[in-house]
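Below: the structure, in structure tokens.
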Ligand code: C5P
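Residue numbers (the working numbering): 3 to 222.
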């Protein structure tokens with residue numbers, strides 16, 4: 003099986019870009035952020051503090067997260083309910099970032115991710131795929147863009163969906179999540195030594211997809 007690990011900060015367009023590239027390669031795309039988001043959503047729905055390690059750890063035995071593919075698209079099921087849309091709501095982003103800092107949560111999701119890569123050719127997108135989940139991935143990419151550009155893209159995506167959001171708030175949240183993700187003690191976001199850096203700040207979506215596909219194909 004071939005594994006391609008794609009890591010990088012929030013809103014770098016990883017999911018859209020990686021999804022498009024995996025389709026071109028005929029690989030299965032795995033969005034691991036959706037798993038952390040599902041746990042964040044569960045904790046929020048229980049009215050518990052997502053930053054409280056003990057509270058979150060105590061809820062894990064009640065949680066069953068599964069990835070399934072419907073017409074080629076990844077859907078995430080939380081205790082048998084399809085939460086693929088719910089997990090995209092802005093409050094869930096910060097909840098996901100908070101729960102992802104707890105070692106129990108990372109351990110809980112580790113096997114699920116590894117099992118997928120064992121059984122399929124995957125393009126797996128996350129924060130610690132090349133460093134922790136699949137340290138022996140065949141190709142590792144670190145995909146990034148400036149925080150302003152990432153905020154602009156997220157703002158556009160949310161307003162197009164009809165969400166009422168402020169640009170400055172989105173930008174602040176992105177910077178806060180970058181800080182959280184790269185400063186947590188366990189599996190922090192960082193470029194693996196053997197990862198290829200791909201910066202898409204100056205690229206359109208189409209150009210980013212082409213750039214990533216070219217980098218990957220040149221190494222296969
Ligand atoms: O990629 P996405 O923004 O959906 O991820 C939501 C949150 O989940 C991130 O801010 C990050 O804290 C966490 N995450 C993680 N490890 C991964 C994927 C996501 O810690 N492999």
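Even glycine gets a Cβ: it sits at the ideal position worked out from N, Cα and C.
Let me confirm a value: residue i is counted as buried when at least 16 other C-beta atoms fall within 10 Å, else exposed. Which label applies?
| i | result |
| --- | --- |
| residue 157 | buried |
| residue 47 | exposed |
| residue 115 | buried |
| residue 100 | buried |
| residue 207 | exposed |
| residue 74 | exposed |
| residue 126 | buried |
| residue 223 | This structure cannot settle anything about residue 223, because the visible part of the chain is limited to 3 through 222. |
| residue 49 | exposed |
| residue 95 | buried |
| residue 104 | buried |
| residue 39 | buried |
| residue 137 | exposed |
Which partner residues of residue i appear in the DSSP bridge assignment?
| i | result |
| --- | --- |
| residue 9 | 128, 144 |
| residue 68 | 79 |
| residue 33 | 127 |
| residue 200 | 145 |
| residue 1 | Beyond the ends of the chain as shown, which are 3 and 222, falls residue 1; an answer cannot be given. |
| residue 84 | 79 |
Within the 9 Å Cβ cut-off, does residue i reach chain D?
| i | result |
| --- | --- |
| residue 189 | Included in the structure is just one protein chain, with no chain D present. |
Below 8 Å on the Cβ atoms is my contact criterion, and I expect residue i with residue j to pass it. Report the Cβ-Cβ distance as a whole number of Å.
| i | j | result |
| --- | --- | --- |
| residue 36 | residue 78 | 5 Å |
| residue 214 | residue 19 | 6 Å |
| residue 151 | residue 92 | Not really, about 19 Å apart at Cβ, beyond 8 Å. |
| residue 147 | residue 216 | Rounded, the Cβ-Cβ distance is 17 Å, inconsistent with contact. |
Touch test, the region 74-88 against the region 155-174, Cβ-Cβ under 8 Å, three pairs minimum: Result no; under three Cβ-Cβ pairs closer than 8 Å.
Check your reading: residues with Cβ closer than 5 Å to the ligand C5P heavy atoms: 12, 34, 35, 38, 98, 99, 102, 128, 129, 179, 183
Stretch pair the region 91-108 + the region 20-34: three plus CB contacts closer than 8 Å: no
Stretch pair the region 125-142 + the region 190-206: three plus CB contacts closer than 8 Å: yes
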